[in-house]
Amino acid sequence: MIYTFTPVSALLFLTSLFSALIGTVVWRRGETPGARPFALALFAGALWSFFVPFENVAPTLGEKLTFSKIEYIGILSITPLWFLFCLEYTGHGAILTQRVRALLWVIPALTLTFAFSNDLHGLIWREVTLETTAAGLPDAVYRHGGWFWVSAFYNYLMLLLGSVTLIRSVVRFSSLYRQQIVAIFVGTALPWLANILYLTGASPLPNVDPTPFALTLTGAIFAWSIFRRHLFDLAPVAHESLFQSLSDGVVVTDNDGRVIEANRRALTIFNHPQPPIGSAFKSAFPSVDIEQIPASGRAEVPLPNGIYEVILKRFYTLQEVAQGQIITFRDISERKYLERMRDDLMHMIVHDLRNPLAAIGGALELLEEETDPETKEAVDIANTGLRRMTNMVNTILDMQRLEQGVMPLEKQIVHLKQIVNDLVSWEVSVARRKNIRLVESIPDALPPLNLDPRLISRVLQNLIDNALKFTPTGGQVTISAAPDPAKSAVAISVRDTGRGIAPDVQARIFDKFNTGAAQEGRGSGLGLAFCRLVAEAHNGVIAVESTLGEGSTFTLRLPA
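Numbering (the working numbering), first residue to last: 1365 to 1924.
Written as structure tokens, this is what we have:
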């Protein structure tokens, strides 16, 4: 049989092809919740659109009924798949047990069975007549039976329940996901609105179902959503589950400072019964003055229920356009309490140690008068240990004063080259014993600096000692400096060719009592913490760059 198709038929074939292509793209994103049922729904719509032109141009009533029954395979599959998609995509997939999934297909399966056996009972079409249109084409006029309306009620119920789920998600999810869900909702609603017009006789095309034409618009909306709004690249359920399960409080604001997201932990911290969506951050969280926190920075903020580290971070769209801020509240009350206890304990121990250490030093001075070689060797060993212990005690006391801001800096204008030359002359004997080349590369033209020479000398000595200690025989340690005009600073670097430092240790190597640094062989964890505090007291910074097997570079930047 040769069928003569119209331009409208070509549009329907194009719609079918378009839906199938979009369904294929979505199917490839099968790891996203809801992607598979959504793709199958698009394939069902493609099947429906593909056979409508055959029904329209078929010359006999029997052929038209055959194509109508095939169309029902697609029509009846769309709403259960749509409902499955809505639940999975919005995070309610847990209720979709195997039994529930099977029950969703009972009405569609019965309807399809009744459609193919309609000649026996007329439950789907109680009467079908063939009429001729104004264009002279044969047209089937369907008068529906009782079960058709049962099926129609079921389809619209599934559509309604799925739509309600999406509407609730529009309120719950951020603006990015709202745009995704609104696009899905509008795109899916169009064919069903067209179908309602057809069933109620209000269609602008008499006796013509406009639903397949609406599918063309649906395909266009889905294509735009996938390629421009990244539909199915991200799933709001994944975002929501992660966001709400965070142990830190998180509040998201837009560029105007209005709250657009707040997780459960943030609501608990501030005793908010509901997310203050749309409210200004200042009014919703008056106890936090984020204007006092540096942009993309952090600060400790005391709140009624504890001490929190508040972290600010800007976030951007995929096109690098600023969208707002993410404000994180991390409870550090226990950490601060333990730090206070540790500091108090160390302060007490250190002060209590000074007198016994002084007494030991006096006793060792008396023993130095002994001429017995063995005794003198033992005294030398004891003196070495005493000096190390005394230095550690003094370092802890200095660190406490630096942390509390009560240690006066005895600043003066000095030439860095002189300080480094003195240190190199002290360390050169150690370098020779280990056959390490100690290189000083400080330019004579380097401008003088305003600093505390005693503290900066201790910092550089600490860095050089570490470099020599962990550089193998035949290696090299280089002390260099150069102006950094971009930051109005002078960068002083100590570079070694040692074994390097693991990345996870680098992140916390300047922390006080850092056990990771000690495990790397970097000492007790006091020396580098002392260096950091001295740098900060001079409004400078210290950093490390290291590659395992290639060595490390510690850089101290001081204001020029």
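Positions of the beta carbon are idealized from the N, C-alpha and C atoms, including for glycine.
Query: Neighbour-count burial assignment, Ser1383, 16 or more Cβ in a 10 Å radius; Result: buried
Query: Inter-stretch contact at 8 Å, needing at least 3 Cβ pairs: the region 1408-1417 / the region 1474-1481; Result: no
Query: Member of His1485, Asn1519, Glu1495, Ala1458 whose CA lies at the smallest distance from the CA of Gly1510; Result: His1485
Query: Environment of Pro1555 [buried if 16+ CB atoms lie within 10 Å]; Result: buried
Query: Reference Gly1726, options Asp1708, Ala1746, Pro1737, closest by Cα; Result: Ala1746
Query: DSSP-derived helix/strand/coil call for Asn1364; Result: No information on residue 1364 is available, as it lies outside the stretch 1365 to 1924 that the chain covers here.
Query: Top-ranked residue by Cα proximity to Phe1402, from Phe1377, Leu1451, Ala1558, Gln1825; Result: Leu1451
Query: Three or more C-beta pairs below 8 Å linking the region 1424-1431 and the region 1441-1461; Result: no
Query: Nonlocal neighbours in the same chain, by C-beta distance under 6 Å from Leu1598, ignoring five residues either side; Result: Confidence in Leu1598 is poor, its pLDDT being 48 and thus under 50, which makes the residue's placement unreliable; the coordinate value appears in the next sentence. Closer than 6 Å at the Cβ level, and outside the excluded window around Leu1598, lies no residue.
Query: CA nearest to the CA of Ile1624, picked from Ala1630, Glu1741, Gln1608, Ser1643; Result: Ser1643
Query: Cβ contact (3+ pairs, closer than 8 Å) linking the region 1784-1804 and the region 1900-1911; Result: no
Query: Under 9 Å between C-beta atoms of Phe1693 and Ala1831; Result: no
Query: From Leu1728, Lys1700, Leu1381, Leu1557, residue whose alpha carbon lies closest to that of Pro1666; Result: Lys1700
Query: Secondary structure of Gln1883, DSSP reduced to three states; Result: Per-residue confidence for Gln1883 stands at a pLDDT of 41, beneath the threshold of 50, marking its modelled position as unreliable; the derived number appears in the next sentence. Three-state DSSP puts Gln1883 in a helix.
Query: Buried or exposed (CB count within 10 angstroms, at least 16 for buried), Asn1903; Result: exposed
Query: Met1705 burial status per 10 Å Cβ neighbour count (16 or more: buried); Result: exposed
Query: Spatial neighbours of Ala1855 in its chain, beta-carbon cut-off 6 Å, leaving aside the 5 residues before and after; Result: Ala1846, Asp1848, Thr1919, Arg1921
Query: Distance between beta carbons of Ser1821 and Leu1773, contact taken as under 8 Å; Result: At roughly 13 Å, the Cβ-Cβ gap does not stay under 8 Å, so Leu1773 and Ser1821 are not in contact.
Query: Beta carbon of Gly1457 nearer than 9 Å to that of Gly1398; Result: yes
Query: Straight-line gap, Arg1817 to Ala1871 (C-alpha atoms, nearest Å); Result: A small fix is needed here, since residue 1817 is Pro in this sequence, not Arg. Taking the straight line joining both Cα atoms gives about 28 Å.
Query: Helix, strand or coil at Lys1798 according to DSSP, with G and I counted as helix; Result: coil
Query: C-alpha distance - Glu1655 paired with Leu1750, whole-angstrom precision; Result: 50 Å
Query: Helix, strand or coil at Phe1431 [DSSP, three-state]; Result: helix
Query: 8 Å contact criterion, which Ile1691 and Thr1632 should meet: CB distance rounded; Result: Wrong, their Cβ atoms sit about 15 Å apart, outside the cutoff.
Query: Alpha-carbon to alpha-carbon, Asp1620 and Phe1645; Result: 9 Å
Query: Candidates Asn1482, Leu1810, Phe1894: closest to Leu1819 by CA position; Result: Phe1894
Query: Between the CA atoms of Ile1442 and Ala1466 - distance to the nearest angstrom; Result: 15 Å
Query: Arg1678 - partner residues in DSSP beta bridges; Result: Gln1689
Query: Neighbourhood of Val1550 by C-beta distance below 7 Å, restricted to the same chain and skipping five residues each side; Result: Ile1585
Query: Phe1447 (DSSP reduced to helix, strand or coil); Result: helix
Query: Ser1515 to Arg1628 span [Cα, whole Å]; Result: 41 Å
Query: Beta-carbon spacing of Asn1785, Pro1923 below 9 Å; Result: no
Query: Beta-ladder partner(s) of Trp1556, from DSSP; Result: Answer is none; Trp1556 lacks a bridge partner.
Query: Residue environment, Gly1915, which counts as buried when at least 16 other CB atoms sit within 10 Å; Result: buried
Query: Tyr1323 - partner residues in DSSP beta bridges; Result: Any question about residue 1323 goes unanswered here, given that the chain covers just 1365 to 1924.
Query: Between the CA atoms of Ser1611 and Ile1783 - distance to the nearest angstrom; Result: 48 Å
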